[in-house]
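K.L.:
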Amino acid sequence: MTNKFKGLTFGIPKEIMPGERRVSAIPETVKKMVDGGAQVLVEKGAGIGSYFPDEEFEKAGAHIVDDVCDLFDKADVILKVKEPLFNSEKGKHEVDLMHEGQLLITFIHPAAPANHEMVKKLEKNKINSLTLDGIPRISRAQAMDALTSMSTVAGYKSVLMAANRLSKFIPMMGTAIGMIKPANVLVIGTGVAGLQAVATAKRLGANVFAADIRPEAAEHAKSLGAKIVDTGVPPEIAIGEGGYANRLPEEWILKEREAVKETVINSDIIITTALVPGKLAPVIVTEEMVKQMRPGSAIVDVAIDQGGNCELTVGAEIMLSLWEPC
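End of the sequence shown = 337 in the numbering used here, gap-free, step of one.
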């Protein structure tokens with residue numbers, strides 16, 4: 012037993028973003044907080060989507076709270092997975108349920124246009140906010156790098172989700188009437204999520220293509236068996252601080268789109284993961300390209316939290332056609 016959290020109350024609300032099943036702290040983590048002297052409040056049912064019943068949190072020393080308003084009111088630190096949203100059940104935005112001086116730790120994605128008003132609201136309400144997607148990928152910060160671990164999951168799951176929606180087989184198959192060609196998969200952006208998508212698609216037997224403006228990142232994808240689509244962007248323009256991708260000038264974005272256009276049109280699955288730290292994600296796959304793809308193809312926009320790489324994708328929605336979300 013230590014006292015490093017003595018006097019602190021942590022609040023773990025249930026995630027309200029549609030389709031979000033994660034919980035910001037599991038019972039094992041809660042126990043460490045409690046052993047450190049903290050009080051932990053968990054909203055009833057917060058862990059159900061991740062298969063952690065309330066009883067598991069109670070065994071770890073947490074208090075189960077029925078009303079999330081009480082949790083926000085009493086907690087010093089709010090732990091969330093996704094950015095604060097409007098809580099329709101309470102008729103209030105989650106930021107308005109918080110109080111001045113409170114600390115929020117979550118993925119805020121401040122660069123996304125949809126989150127700009129929320130960020131201003133956090134500032135206005137004097138909520139101290141730490142965004143997990145802003146942690147640099149350096150060895151000193153590795154223990155806190157939740158973005159890398161979540162990106163690995165996103166890259167893996169994105170391919171499985173696309174494969175499930177696809178109207179054809181992924182691998183090459185021999186049948187009584189001949190061979191069925193493997194599906195073409197294009198991964199745009201080969202950072203952590205993109206490389207995992209490449210590896211997963213290869214394991215499923217797909218014909219995999221990959222594109223990244225950073226030569227080193229593209230080489231990593233090539234080492235996993237992907238065919239590289241050359242974007243033609245010079246390294247001095249493509250690479251920014253810390254080896255991350257730069258936000259390209261409009262003329263180079265247009266050239267990148269032209270470079271990947273043919274591969275996009277011929278793809279059965281497209282996984283987009285291209286991000287620029289602290290900036291809006293570049294739109295690489297346009298409406299015009301999507302209209303020329305084969306019916307039944309699938310696009311998973313992993314970069315949607317930062318605005319998305321596909322012109323047509325909408326957060327938390329499955330698009331069955333160009334115009335009709337389901």
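Just so you know, even glycine gets a beta-carbon here, dropped at the ideal spot from N, CA and C. None of these values were measured; they are calculated from a predicted model.
1) Just checking my contact of residue 209 with residue 235 at CB under 8 Å: how many whole Å lie between their CB atoms?
2) Going by Cα to Cα distance, which pick from 163, 101, 288 and 88 is closest to residue 21?
3) Closest to residue 31 by CA distance: which of 133, 318 and 94 is it?
4) State buried or exposed for residue 54, treating a residue as buried only when at least 16 other CB atoms are found within 10 Å of its CB.
5) Taking the Cβ atom as the reference point for each residue, do residue 270 and residue 241 lie within a distance shorter than 9 Å?
6) Curious, which full-length alpha helix (DSSP H) runs of at least 4 residues does the segment 145 to 193 contain?
7) Would you please state the rounded distance, in angstroms, between the beta carbons of residue 221 and residue 237? I believe it to be under 8 Å.
8) Do three or more CB pairs link the segment 180 to 190 to the segment 150 to 167 at distances below 8 Å?
9) Assuming residue 140 is part of the beta strand (DSSP E), what are its boundary residues?
10) Inspect the beta-carbon positions of residue 102 and residue 138 and report whether they are closer than 9 Å.
11) What would DSSP say about residue 28, mapped onto helix, strand or coil?
12) Could you check what DSSP says for residue 335 in three-state terms: helix, strand or coil?
13) Keeping to the same chain, check which residues put their C-beta closer than 7 Å to that of residue 16; ignore five residues upstream and five downstream.
14) At which residues does the beta strand (DSSP E) containing residue 133 begin and terminate?
15) Residue 301 lies in the alpha helix (DSSP H); which residues open and close that run?
16) For the segment 167 to 177 against the segment 309 to 325, do three or more pairs of beta-carbon atoms, one drawn from each stretch, fall closer than 8 Å, so that the two count as touching?
17) Using 10 angstroms around the beta-carbon of residue 279, count the other beta-carbons present and answer buried if the total reaches 16, otherwise exposed.
18) Does the Cβ of residue 333 have 16 or more other Cβ atoms within 10 Å, making it buried, or fewer, making it exposed?
19) Would you decide whether residue 120 is buried or exposed? Buried here means 16 or more other CB atoms lie within 10 Å of its CB.
20) Taking DSSP's pairing of strands, which residues face residue 20 in a bridge?
P.N.:
Let me lay it out:
1) 5 Å
2) 88
3) 94
4) buried
5) yes
6) 157 to 176
7) 4 Å
8) no
9) 139 to 142
10) no
11) coil
12) With a pLDDT of 48 at residue 335, under the threshold of 50, the predicted position of this residue should be treated as unreliable, though the coordinate-derived value follows. Looking at residue 335 - three-state DSSP - the assignment turns out to be coil, as it is neither helix nor strand.
13) 44, 47, 48 and 49
14) Here residue 133 belongs to no beta strand (DSSP E); instead the alpha helix (DSSP H) covers 127 to 135.
15) 298 to 302
16) yes
17) buried
18) Low confidence applies here, because residue 333 scores a pLDDT of 47, under 50, leaving its location unreliable and the question unanswered by this model.
19) buried
20) 50
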